Every structure is written in C-alpha cells, then in structure tokens.
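Going left to right, the sequence shown walks through residues -8 to 289 as this note's numbering numbers them. Think of the CB as a built atom: it goes at the ideal place given N, C-alpha and C, for glycine as much as any other residue. Just so it is clear, the structure is predicted and the values come from calculations on it, not from any experiment. Here the structure is laid out as structure tokens; the discussion comes afterwards.
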Amino acid sequence: MKRVLMIGLPYFTINVKSNLFKFDTNHQYIVLNTYYKIWDKIRYLFLLPFCQTVYSINGTIDYSFALSLAIKLKKKVVMHWVGSDIIAAQKAYAENKYKKAFIEKAIHLTDTPWFVAELSKIGIKAKFQSLILFEKMEPFKPFPSVFSALIYIPQNNQEFYGIYKLKNIVKQLPSIQFDVIGTEKPIIDMPSNVIFHGWVNNTKSYIQNSYVCMRFPEHDGLSFFVLEALSQQRYVIYNQKLDYTLLAQNENEVVDRLKQLKDSFDSGNLKPNLEAARWVEHHFSSENFIKLIDYLTV
C-alpha cells in the first residue's frame, strides 16, 4: 500500500479524495489542510518521510515549503493546476522569481484542456486530467415555463466574474429574467429583471429551473458549473471554446446568443441539449477519472 499526502485547496482535496476512495482502496490518501490548520502542518512534517507521493491540488513555481521539502526528500510530487494558481505562476515566471525544481522535478497535471497551452509558455509540460466525475447521465428534468438565464457570481469577487458585463447585457434584454447565485448584495445597481439569490446549497435545482447558464470570468478553468449545466441538458454561453457550449467572448456576442435562444423558445423550437449531456457522461466518466490513480501511485 502506497501513501499519498494530499495538500492544496481544501475544497478540491476533500472531494477528490472522496472520489478516489470509491475506486481505489489499495492505497492510502491523506488530506492535510496545510494552508489553514497548524495541526495539519505538523502532521505533514511527521507523515512526509513515510509517504511515496505528495499531491498538491494547486500549482506553484515560486514558493512552497511543503513541496520544497518533498522534493528534497526525493518524494514523488504531483501538482494539479486549477486556475488562479496559473496567474500567480505567470507573474513569478515573468519576474524570474521561480524555482526551477518545481518545474522540472514535479509531474504537472491540469483540470482544464486550454491550460496545457498556457502552462507550456512558462516551461511546464502539463497533461489534462479532469478532477470532475459524472458517473451516470440523469433523467431530463423538463424546462420551466418561463425562459430565464442563470449565472454564478460569488459575493466577494463580483467584478472578476463579470458583474459589470452582466449589467450591460441585461439592460439590452428587459424581457428575459436573469438569476444570479453566489451574490446576495451586488456592488452596483442592477435592472429589475435580475434576481440575486445569494449563496445556495443546491446549484442543480437552479440550473434545472433555467434554460441557459452563462459564465464569463476574466480567467477560468473548466468549470463544474458549466459541466453540470450541460449534464442537465441546458444550454451554456461561455467565453471559452468547449464542445456543446455557445462561444461568446464579449457582451454583444452574449446578447446575440441569448436572443437566438429566446427566439427558439418563443417559436417552440428550443429542444433539450441532449448531446451535451452525453458528451459530459463520456468525457468525465469514472474510466477517465481513475487515470489519476496511476499518476499518483505508479
């Protein structure tokens, strides 16, 4: 039995460990919150000599005491790049404030296909390995009677996730209802056709009560929100190129996409996005997820 220490972003490490345990009971996966818990930092120092792999879901090339020590002790180090960590790495690389060992002596994975190219520009040869798992396509839940669009914008990062873009979009489409989850109090005044629901525990129910989901942050990994919407046979307007989504890279393109969907709805021709759900089921299956086990244990 090999022992894998999992560090990095707690939300990811906890969920990924849960999925790993479904398919692999031959190895031990230990989650340690070395960012926020002193006791876990101490446990890391104690357990490190007895582990084979340190798996960080959050990449870095500039500073990490935990990863530096793992490399010094010749442990297998796997970094999984997931989004904002790339922005920090690009800055460190541009300023020549990076550790060559982090680039050359670690195995690099990313949860997002287009991050492979971004990482290559800073000398990192990464492979795409999804962290998201959809085991079975769910039965279709019928569309609601009213056409509406859903977007996720977190309360504490509204500008990055497009609150100003959203305002410009909804002003041009007063007949469409827009629902925002994640934010309760917007930082700007918004038109009356926008409803803010705040933090929600069940994102799926909000997706099922919409026709289209939108996502256009300034920088983005492969969003679970997007994949869940596709898995529910909803339409997705996205600022990244992804199969079965509608590409829109500026506000006018988002408006045009929404008008097209609304016209199809009004004429009774807007059908479920069935092929999108099949695509998610195929590409984010257990067969693809368990490839991660080999990266960590072989």
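Item: Residues sharing a beta bridge with A239, DSSP; Value: None, per the DSSP bridge assignment.
Item: CA nearest to the CA of I179, picked from S9, I154, D102, P165; Value: I154
Item: Cβ of Q81 within 7 angstroms of any chain C Cβ; Value: Of the protein chains in the structure, only one exists, and it is not chain C.
Item: Rounded separation between I77 and S136 - CA only; Value: 41 angstroms
Item: Alpha-carbon to alpha-carbon, L213 and T236; Value: 12 angstroms
Item: Rounded straight-line distance, which links the Cα of T25 to that of T44; Value: 16 angstroms
Item: Q199: first and last residue of the uninterrupted beta strand (DSSP E) it sits in; Value: Premise fails: Q199 lies in the alpha helix (DSSP H), 194 to 199, not in any beta strand (DSSP E).
Item: Every unbroken alpha helix (DSSP H) inside the segment 90 to 145 [4 residues or more]; Value: 91 to 95, 106 to 111
Item: When N184, D53, I62, F125 are compared against V217, the one with the closest alpha-carbon; Value: F125
Item: Inter-residue spacing [alpha-carbon to alpha-carbon] between F169 and I142; Value: 8 angstroms
Item: Limits of the beta strand (DSSP E) - the one that R(-6) falls within; Value: -6 to -1
Item: Inter-residue CB distance, V68 and L58 (contact presumed, cutoff 8 angstroms); Value: 6 angstroms
Item: W72 (DSSP reduced to helix, strand or coil); Value: strand
Item: Presumed contact (8 angstroms Cβ cut-off) between M(-3) and Q19, rounded CB distance; Value: That pair is no contact at about 10 angstroms.
Item: Residue nearest to D102 in terms of C-alpha spacing, selected from F37, N87, N49, F131; Value: N49
Item: Candidates K88, Y226, E175, of which the one nearest Q291 by Cα; Value: The structure shown has nothing for residue 291, since the chain only spans -8 to 289.
Item: Those runs of the alpha helix (DSSP H) which lie wholly inside the segment 258 to 288 and span at least 4 residues; Value: 265 to 274, 277 to 280, 282 to 288
Item: Where I167 sits in the DSSP three-state scheme; Value: coil
Item: T51 and V22 closer than 7 angstroms at C-beta; Value: no
Item: For I144, the nearest candidate out of L39, M128, F207, N264 (CA to CA); Value: F207
Item: Identified DSSP bridge partners for R206; Value: Y229
Item: Test item: CB-CB of I123 and F215 under 7 angstroms; Value: yes
Item: Where N264 falls, given that 16 or more other Cβ within 10 Å makes a residue buried; Value: buried
Item: Counterpart residues of I172 in DSSP-defined beta bridges; Value: Y143
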